[in-house]
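In the UniProt record's numbering, the protein residues as written are 1 to 401. Cβ atoms here follow ideal geometry from the backbone N, Cα and C, with glycine treated the same way.
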Amino acid sequence: MSAEFLSPDYFKNPYETFRDFLSNRPIFWDEKIKAWIISPYSEVEKGLSNSDLNAGERIASASAHLSAAEKAEFSKIISTLNNWIVFQDPPSHTRLRKLVNKSFTPRSIAAFTPKLESIVDDLARKALSKKEFDLVSELSFRLPAIVICELLGIPEERQSDVRRWSDKHAGFSASAQVGYQAAKEANDASIEAEKYLFTLFDDLRRKPGENLLSKLVNMDKSEDHLTDEELAALTIQLFFAGFETTEGLIGNLMIALHNNPVEKEKLLADPKKIEAAVEEALRYDSSILKQSRVASVDLEIGGQLIKKGDYCHFIIGAANRDPARYTEPDSFIVDREDLGHSSFGHGIHFCIGAPLARLETKTLLQVLLERAPKLRVVQDEINYPQLFAVRKPLQLLVENN
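Shown next as structure tokens:
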């Protein structure tokens, strides 16, 4: 991978790199990773909605450097990721998304709100009983972990396994070029997760419940339905999406508020701005820094000829701070007028869990501002995962005054 995406400085603060991209090379071919790097907001927005840029070839491209023997060895993780909706193109994407939409509706999310509020209340009460605590392990990880497992019907005692499976899949899918060890760990995790899920699916067929997985497992077999392999892959994708995006959003938002006390005061004075603050956090420091596509035809992006088969990284973290799109792009402003971002994607691959991520984050922030208005970060050095595409604090020590 290019040095820019491997340096400790990038993992700590990728926005210096992104500023260089936007100012000096907004669209360029990276010979080391054999991919186009595309940063301007306008091109990212158009590119992620362009049907000539496919999602379905991303895993093949990301694993192209692996040997034939390695691809055979890691066939399970490759097949699992290829079954993720986010890595599908029409018509298979349309079919899978339609099936999932039946059980993942705004109405079902709204019906879950009272339960979510109860979960947040319990977690916040336990965390805030301490003078100092790690916001990641106590809140930003725990909340989405409990929520996604509750929605899916995964027992609480398996949450640590779900987290581990999610992290290992992230190590493969969020890398520009995955290494052997990360691929092996992801493959092992995929085998383990699928074995557990197949047993769970059988249990849900014998004893159906009201959770999302039960509804998907027990779809009318006379109509289109998900195979167990597809359903296992989808479940693992929901683990990943539920953990990585929301965990990062909460952690990154709390850091932004700590570093911008004037903006935090705006929220304390007017809690109605909380929803806007969540949107600004999504723009300012997205937990997902890039999405990728593969050109299915020759086409032009920003004046550059993209050839059929070329791999394209659309840099969401750069697009969200493009000065051509935003006033003061590097400033966190909770009542910003030029709202909008690319953090949940665009087009047919717009994140299906976006409403849930927003609701979780808004609900938690409301409670923290009400009960702990002086909560502050006390950790000098914040570490982030060494991944090209995912940004979230691994630990965030806070003090409750």
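Beta-bridge partners of residue i, as assigned by DSSP
i	result
Asn54	Val294
residue 402	Nothing can be reported for residue 402: it is not among the residues displayed for the chain, which extend from 1 to 401.
Leu99	In the DSSP output, where bridge partners are listed per residue, Leu99 has none listed.
Gln304	Ile301
Ile288	Val390
Val44	In the DSSP output, where bridge partners are listed per residue, Val44 has none listed.
Val377	Val398
First and last residue of the uninterrupted beta strand (DSSP E) at residue i
i	result
Ile301	299-301
Phe133	132-134
Glu280	Premise fails: Glu280 lies in the alpha helix (DSSP H), 274-284, not in any beta strand (DSSP E).
Straight-line gap, residue i to residue j (C-alpha atoms, nearest Å)
i	j	result
Phe172	Lys273	37 Å
Ala110	Arg358	12 Å
Phe240	Trp165	8 Å
Leu234	Asn83	7 Å
Leu143	Tyr384	19 Å
Ser118	Lys308	51 Å
Ser78	Asp335	It should be pointed out that residue 78 corresponds to Ile in this sequence rather than to Ser. The straight-line gap from Cα to Cα measures roughly 43 Å.
Val86	Leu99	14 Å
Leu368	Ile306	47 Å
Phe314	Ser296	16 Å
Leu204	Val217	7 Å
Gly251	Val136	7 Å
Leu282	Thr246	10 Å
residue 402	Ile333	Here the chain has residues from 1 to 401 only, and residue 402 is not among them.
Leu116	Val147	7 Å
Trp36	Lys184	27 Å
Ala389	Ile288	6 Å
Asp52	Val294	8 Å
Glu265	Arg391	26 Å
Lys207	Lys195	19 Å
Ser42	His225	37 Å
Asn401	Ala372	7 Å
Lys130	Glu244	26 Å
Thr17	Asn259	21 Å
Asn54	Leu257	37 Å
Ile33	Ser7	15 Å
Met1	Arg125	Note that Met1 scores 47 on pLDDT, short of 50, meaning its location in the model is unreliable; the coordinates nonetheless yield the value given after this. Their backbone Cα atoms lie some 44 Å apart in a straight line.
Leu22	Asn187	36 Å
Leu238	His169	11 Å
residue 407	Pro329	Because the chain spans 1 through 401 in this model, residue 407 falls outside it and cannot be assessed.
residue 402	Ser63	Nothing can be reported for residue 402: it is not among the residues displayed for the chain, which extend from 1 to 401.
Pro261	Ser92	47 Å
Gln159	Ile352	22 Å
Ser331	Glu263	10 Å
Tyr326	Gly340	9 Å
Residues near residue i by beta carbon distance below 7 Å, same chain, minus five either side
i	result
Asp134	Gln395, Leu396, Leu397
Glu197	It should be noted that the sequence gives Leu, not Glu, for residue 197. Around Leu197: Ala232, Thr235.
Asp228	Phe198, Phe201
residue 404	Because the chain in this structure spans residues 1 to 401, residue 404 falls outside the shown range and cannot be described.
Contacting residues, own chain, Cβ-Cβ under 8 Å from residue i (five flanking each side not counted)
i	result
Ile255	Asp285, Val377, Ile382, Pro393, Leu396
Leu121	First, the residue type needs correcting, since residue 121 is Asp and not Leu in the sequence shown. Answer for Asp121: Val367, listed in chain order.
Pro155	Cys149
Ser214	Gly153, Leu204, Pro208
Neighbourhood of residue i by C-beta, 6 Å cutoff - its chain only, sequence neighbours within 5 removed
i	result
Asp11	The question names Asp, but residue 11 is Phe in the sequence shown. Within the same chain, Phe11 has close Cβ partners Tyr384, Gln386.
Leu253	Ala281
Phe28	Ile37
Val399	Rather than Val, the amino acid found at residue 399 in this sequence is Glu. The residues are Glu132, Arg376, Val378.
Gly302	Ile27, Glu43
Ser140	Glu247, Ile250, Gly251
Gly242	Pro144, Ile148
Span of the alpha helix (DSSP H), counted from its first residue to its last, around residue i
i	result
Val398	Looking at the DSSP string, Val398 is not in any alpha helix (DSSP H); the run it does join, the beta strand (DSSP E), is 397-399.
Met254	246-259
Trp165	159-173
Ala69	68-73
Lys184	180-206
Val120	106-128
Asp220	Run containing Asp220: none; DSSP gives neither H nor E here.
Ser23	15-24
Arg142	142-152
Tyr10	8-12
Val334	Premise fails: Val334 is in no alpha helix (DSSP H) and is neither H nor E.
Pro355	354-371
Gln88	No alpha helix (DSSP H) holds Gln88; DSSP gives it neither H nor E.
Cβ-Cβ separation, residue j to residue i (assumed contact under 8 Å), whole Å
i	j	result
Lys290	Ser190	Actually they do not touch by this definition, with Cβ atoms about 22 Å apart.
Leu249	Thr363	Their Cβ separation, rounded to whole angstroms, is 12 Å, which puts Leu249 and Thr363 out of contact at 8 Å.
Ser39	Ala319	6 Å
Pro271	Gln366	6 Å
Leu151	Asn211	6 Å
Asp89	Gly56	4 Å
Leu267	Ala277	6 Å
Glu230	Leu96	7 Å
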